[in-house]
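Note sheet for the following structure.
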Amino acid sequence: INSPSHYEDRMLRYEIELSTGKILNESWLSASGVTVTDEVITVFNEMKVRKAQANEDEKKKRKKAVLFCLSEDKKHIVLESGKEILTGDVGTTIADPYLHFVKMLPADDCRYALYDATYETKETKKEDLVFIFWAPDGAPLKSKMIYASSKDAIKKKFTGIKHEWQVNGLEDIKDRRTLAEKLGGSSVVTLEGGPV
Numbered sequence: 024i025n026s027p028s029h030y031e032d033r034m035l036r037y038e039i040e041l042s043t044g045k046i047l048n049e050s051w052l053s054a055s056g057v058t059v060t061d062e063v064i065t066v067f068n069e070m071k072v073r074k075a076q077a078n079e080d081e082k083k084k085r086k087k088a089v090l091f092c093l094s095e096d097k098k099h100i101v102l103e104s105g106k107e108i109l110t111g112d113v114g115t116t117i118a119d120p121y122l123h124f125v126k127m128l129p130a131d132d133c134r135y136a137l138y139d140a141t142y143e144t145k146e147t148k149k150e151d152l153v154f155i156f157w158a159p160d161g162a163p164l165k166s167k168m169i170y171a172s173s174k175d176a177i178k179k180k181f182t183g184i185k186h187e188w189q190v191n192g193l194e195d196i197k198d199r200r201t202l203a204e205k206l207g208g209s210s211v212v213t214l215e216g217g218p219v
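So for the sequence shown, the working numbering puts the first residue at 24; every next one is plus one.
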């Protein structure tokens, strides 16, 4: 129960309590009532399954990274339009997918993201999905509360995710070494083809 995400949730809860002067009950983290759309689940399943027999065209259309946001009525988690990186864009229109991904994150609002990290350890080459909860310090308090309380709804749909990362600002995410540490610590030698 003392996992990093549990600790981060508690810290966000205390930050909200301090700034609002209100004591939040224990169920605040899962009580938002926000639902995950079928499109979000479909995107996750497509990113999770790597088809060995996929042709080149299918591989190019595969998503490398996507952002999810709340719908305008704040009732659903949806795929954010235009906020994705396709594997076919890597090396052609996008030189560094990780840097491009970081630039997609809004400075003043929260998001959920999936990032398909390609990396090498001292032993082997790997690809793993990373679930990221982006809650920058500059985001409105209400947004932080809704996203934090809805995080479990989306995490439950993303079965089999090995890596989860809560990020609270650019200083926490802009250096690729931080992601490398999340993926495997000092055993990671390259990330997205570049040295760590």
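For each residue, glycine too, the CB sits at the ideal point set by N, CA and C.
To the nearest angstrom, how far is it from the Cα of residue i to the Cα of residue j?
{"i": "LEU152", "j": "MET127", "result": "17 angstroms"}
{"i": "LEU35", "j": "ARG134", "result": "15 angstroms"}
{"i": "THR110", "j": "GLU187", "result": "21 angstroms"}
{"i": "VAL211", "j": "LYS98", "result": "39 angstroms"}
{"i": "VAL113", "j": "LYS83", "result": "9 angstroms"}
{"i": "LEU52", "j": "THR141", "result": "Reliability of the predicted coordinates at LEU52 is poor, the pLDDT of 41 falling under 50, and the value obtained from them is presented with this limitation in mind. Each residue's alpha carbon lies about 31 angstroms from the other."}
{"i": "ALA130", "j": "SER55", "result": "23 angstroms"}
{"i": "ASP195", "j": "PHE91", "result": "19 angstroms"}
{"i": "ILE100", "j": "VAL59", "result": "5 angstroms"}
{"i": "ASP132", "j": "GLY183", "result": "27 angstroms"}
{"i": "THR65", "j": "ASP119", "result": "26 angstroms"}
{"i": "ALA136", "j": "THR144", "result": "24 angstroms"}
{"i": "LEU206", "j": "LYS149", "result": "10 angstroms"}
{"i": "ASN48", "j": "GLY216", "result": "With a pLDDT of only 47 at ASN48, under 50, the local geometry of the prediction cannot be trusted, and no value is derived from it."}
{"i": "LEU122", "j": "ASP198", "result": "9 angstroms"}
{"i": "PRO163", "j": "THR116", "result": "33 angstroms"}
{"i": "GLU79", "j": "ARG85", "result": "10 angstroms"}
{"i": "ILE108", "j": "VAL125", "result": "11 angstroms"}
What are the boundary residues of the beta strand (DSSP E) that residue i is part of?
{"i": "LYS149", "result": "148-157"}
{"i": "ALA130", "result": "From DSSP, ALA130 is part of no beta strand (DSSP E); its letter is neither H nor E."}
{"i": "GLY105", "result": "99-109"}
{"i": "VAL190", "result": "186-190"}
Could you check which residue in the options has the C-alpha nearest to that of residue i?
{"i": "GLY105", "options": "MET168, VAL89 and LEU93", "result": "VAL89"}
{"i": "THR201", "options": "TYR170, VAL219 and LYS185", "result": "VAL219"}
{"i": "GLU69", "options": "GLU95, ASP139, MET168 and GLY216", "result": "ASP139"}
{"i": "ILE169", "options": "LYS86, ASP80, ASN78 and ASP96", "result": "ASP96"}
{"i": "GLU103", "options": "LEU122, VAL125 and VAL63", "result": "VAL63"}
{"i": "LEU93", "options": "ALA203, GLU204 and SER173", "result": "SER173"}
{"i": "VAL57", "options": "LYS185, SER166, ARG199 and LYS197", "result": "SER166"}
{"i": "PHE67", "options": "VAL125, PHE154 and GLU81", "result": "PHE154"}
{"i": "ASP61", "options": "GLU81, PHE181 and VAL72", "result": "PHE181"}
Starting from residue i, trace the alpha helix (DSSP H) both ways and give me its first and last residue.
{"i": "LYS86", "result": "Per DSSP, LYS86 belongs to no alpha helix (DSSP H); it is in the beta strand (DSSP E), 86-93."}
{"i": "THR213", "result": "THR213 -> not in any alpha helix (DSSP H); beta strand (DSSP E) instead, spanning 211-214."}
{"i": "VAL72", "result": "Where VAL72 is concerned, there is no enclosing alpha helix (DSSP H), given that its DSSP letter is neither H nor E."}
{"i": "ILE169", "result": "164-180"}
By DSSP's criteria, residue i is part of a beta bridge. Which residues make up the other side?
{"i": "ILE196", "result": "Answer is none; ILE196 lacks a bridge partner."}
{"i": "ALA136", "result": "LEU90 and ILE155"}
{"i": "GLU62", "result": "Answer is none; GLU62 lacks a bridge partner."}
{"i": "THR141", "result": "GLU150"}
Could you check whether the stretch 142-159 touches the stretch 188-202, counting it as contact only if at least three pairs of C-beta atoms, one from each stretch, sit closer than 8 angstroms?
Counting Cβ pairs under 8 angstroms, three or more are found: they touch.
Are the stretch 199-214 and the stretch 160-177 in contact at 8 angstroms, needing three or more beta carbon pairs?
No: the two stretches stay apart, fewer than three of their Cβ pairs being nearer than 8 angstroms.
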